[in-house]
Amino acid sequence: MSRFSAEKTRSYILIALGCVVVTFAMNVFLIPFKLAPGGISGLSTVLYYVFNKAVPVGAMMLALNIPLFLGGYKSKGKRFFIRSLFGTIVLSVLVDATAPFAETLVTDYLVRFDSSMAAPDLLLNALVGGLIMGLGLGMVHKEGASTGGTDLAASVLRKFFPRLSLGELLLILDGFVILFATIVFRSVKLGLYASISLYLSTKTIDAYIEGFHFAKSLMIISERPEEIAGRLLKDVDRGVTGLKGIGMYSRADKTVLLCVVKKQEMPKVKEIVKQCDPNAFVLLSDVREVLGEGFQPLHSDEK
């Protein structure tokens, strides 16, 4: 098997695995308790109860996603379309195929193990369900795919509302789904719990895709840049880059130091700057992920 074929196969396996994780979150923590945290899955959950469980959630998801795929094909491209179609079909099939087993797991095994599960905590279900769903969706999105849903709907609607960003459209669409669920179920509490689940899911997706290896970026403006850079190189073992700058008030040339360090190294860095130049100006910013020497290995996620 060629390297390209192996990477492609690995990518589809990860998409399928992500769908398994999403399915677990939906069937165990969300659908049985009428929690609809936005998206096509949330809308399908509401309609599932509207039609008295006559139409399975997975089948409803697939039916709602078909027009979205047709409308969003050109804007997303062939590669994304094929992978997303695969993910959508796998998720829809898994949700319906495993629903009876999930119900048995909750009603029989979990309740027998812990009697308090007979009266479930909706907040706990919203939190855990959102976290697990976000993890699964993050796995799918990192492979350049999706499970259909409102991200495709947002791409289609952006053609008609170009002034709105994709993020704003997603927020509006998911908000309508949660509002719809609140009205149908006549429960503000369920709507609020669904909002919490949606927020946690979104944050988990971002964290999974962007990485968990947080660091700090520093820009240091000082009259003693050489001394500070030398100490950082020697005592912290971090590379430092000198950027040419100009003081706009004094018009004097300055060297601005740029350095990225791990969070646990920050106290030492601050002490070094303080010792070298107490009047230095230091700008700190959070860095989600750092790739390269001394941090995470640099690699390509292209499949």
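Take the position in the sequence shown, starting the count at 1, then add 35; the result is the number in my numbering. The beta-carbon is built from N, C-alpha and C at its ideal position, and this holds for glycine as well. For clarity, every value in this text was computed on a predicted model and none was experimentally measured.
- According to the DSSP assignment, Phe195 belongs to no beta strand (DSSP E), since it is labelled neither H nor E.
- For Ile256, the uninterrupted beta strand (DSSP E) run begins and ends at Ala250 to Ile256, by DSSP.
- Taking C-beta atoms as the reference points, Ile213 and Gly226 count as a pair closer than 7 Å.
- Straight through space, the alpha carbons of Phe68 and Phe220 are spaced by roughly 11 Å.
- When the Cα atoms are used, Gln299 and Asn62 turn out to be separated by approximately 40 Å.
- Boundaries of the beta strand (DSSP E) harbouring Asp321: Phe316 to Val322, taken from the DSSP string.
- Taking C-alpha positions only, Leu253 is separated from Tyr243 by approximately 24 Å.
- Rounded to the nearest angstrom, the Cβ distance from Cys54 to Thr133 is 11 Å, too far for a contact under 8 Å.
- In the three-state reduction of the DSSP assignment, Thr185 falls in the helix class, which pools H, G and I.
- Nearest C-alpha to Val271 among Ser230, Ile281, Pro260 and Val304: Val304.
- Looking at the DSSP output, Cys294 bridges to Leu253.
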